[in-house]
Amino acid sequence: MRFETSRALDAIERRLTVDPLAVGGVIDLVEAARSVDLDGGRPAALLRLGQFVDALSRRLGDGDTGLYAIAERGAMSDTDFTSNERMVLRRWSDDGLIEMLPPGARVNARVREVAHLTGVPVITRSPLPGHPGLVYLTTSAPGGMALTLAPVVGASSRPHPVLARYWRCPSPDCPVLGRPPAAGAGQAPPALPNGAPICPRHGDRLLDAGPRPMATMLAVRINGGVRTRFPVSVVRPVVVGRAPEDPNGVTIGNWLDEESSRRVSRNHLRFELRDGMLLVTDVSTNGAAVLARTGPTAAPREIELNRGEPKGLGEWDEVEIYPEITVGRADRPPADAPKGSAPNSVMADAPTMALRLPPR
Ligand SMILES: [Zn+2]
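Each residue of the sequence shown is one higher than the one before, starting from 1168 at the first, in the numbering used here.
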């Protein structure tokens, strides 16, 4: 059982990241680990994070979506966790997979800050009144936890201007902001307690490391499930199609059946970011439409694209290449909520017993 527990924790670990482009939600790690009501088990258990990962995967139809987890250093000496869990937390922190805040820092405030700066939804067990952004509330559902979007307060957030720069922590081995992110990856947002960017982990004033191109992560969904994701940035427009000529294009031909193969053009859609706005252009010979939504619960309105004419996309809009083949924001749930179990479940092998045993 210990083996299965560590295997489930490894699966969870692979989904933890502080790259805003790679995540579908931001969470207070200890709040999630202390969700005793989920299973009636131990006061705190890291395995419970897996329920949140799976619920997010189910909501987005995405077996690769990441979770941005934030904790405060006290969690690493909290004896409600097993000694092994405390060790795992330390490793996650040292590897920069989670954000570990200084002792006494308010995790909830940082969760909201990350969400506010990046537009990533908060996943929480209790409502956040007045939070101006997307909030998922957890509800129990057959087959595990479900995430329900709370009514959105105010306008949806756009990326904050501080994200137009890369930042570097003066602490040379800072696992969160110590070095520039890999190509195509995003960077954790600075903390802005008084307007000046500081490292959320060390509290030091960050150094400006040059301009950062704005980027958005998109996902190709086929029958509700995400098949691939790709970033679009101001320096990198992307063509999606059956087999795009551009080597940097997104090829979807492998996932098509005979009928859809005929209806998806080699180069079908071009996505680009211009002045902070995501644009799509139909470059196909088969046509495409935008399924426009004003919000998560609004019914989609179909708008045919004019060939060669760029059209701005809202955060809830999806572009339909062919029925059941769409492209939209990776961090926004699609209009047709995918059904069934969580793709690529991290809890598939997890022993439920592990949540009930007393800490060692
Ligand atoms: Zn730092």
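Even for Gly, the Cβ is constructed at its ideal location relative to N, Cα and C.
Quick caveat, the model's predicted, so the values are computed rather than measured.
Assignment of T1184 by DSSP, reduced to helix, strand and coil, places it in the coil class.
A straight-line Cα-Cα distance of about 51 Å links D1413 and D1204.
Counting along the chain, the unbroken alpha helix (DSSP H) around V1278 starts and ends at 1274–1285.
Of I1179, I1419, A1509, A1236, the smallest CA-CA separation from E1280 is found for A1236. R1368 and R1460 have their C-alpha atoms roughly 38 Å apart. At a Cβ-Cβ threshold of 8 Å, R1273 and E1198 do not count as neighbours. Scanning the segment 1319–1386 from its first residue to its last, the whole beta strand (DSSP E) runs of 3-plus residues come out as 1332–1335, 1374–1378. When rounded, the separation of the alpha-carbon atoms in R1215 and E1252 is 12 Å.
D1204 carries a helical assignment under DSSP once its states are collapsed to helix, strand and coil.
Inclusion of V1320 and V1193 in the CB contact set at 8 Å is not warranted, their separation being larger than that value. Under the three-state reduction of DSSP output, D1262 falls in the coil class, being neither helix nor strand.
Where F1438 is concerned, the enclosing beta strand (DSSP E) starts and stops at 1436–1441. Annotation for L1458: the continuous beta strand (DSSP E) segment containing it runs 1456–1459. Nearest to A1189 by alpha-carbon distance, out of V1278, A1497, L1301, E1491, is A1497. If you ignore the 5 residues before and after A1386, its C-beta comes within less than 6 Å of the C-beta of V1393, R1396, A1497, all in its own chain and listed in chain order. Taking S1428 as the centre and dropping the five residues before and after it, the same chain places no C-beta closer than 6 Å to its C-beta. Between A1455 and V1405, the C-beta gap is not smaller than 8 Å, which leaves the two residues out of contact. Assignment of G1241 by DSSP, reduced to helix, strand and coil, places it in the helix class.
Here V1255 really is in contact with L1176; their C-beta atoms are around 6 Å apart, less than 8 Å. Separation of P1467 and P1378 (C-alpha to C-alpha, rounded to the nearest whole angstrom) is 36 Å.
Contact check for A1212 against A1200 passes: the beta carbons are separated by less than 8 Å. Secondary structure at L1472: coil, using DSSP grouped into helix, strand and coil. With a cut-off of 7 Å, the C-beta of L1344 is classified as near ligand 1, since at least one heavy atom of the ligand falls inside that distance. A straight-line Cα-Cα distance of about 18 Å links T1418 and G1391.
With contacts defined by Cβ atoms closer than 8 Å, I1265 and L1183 form a contacting pair.
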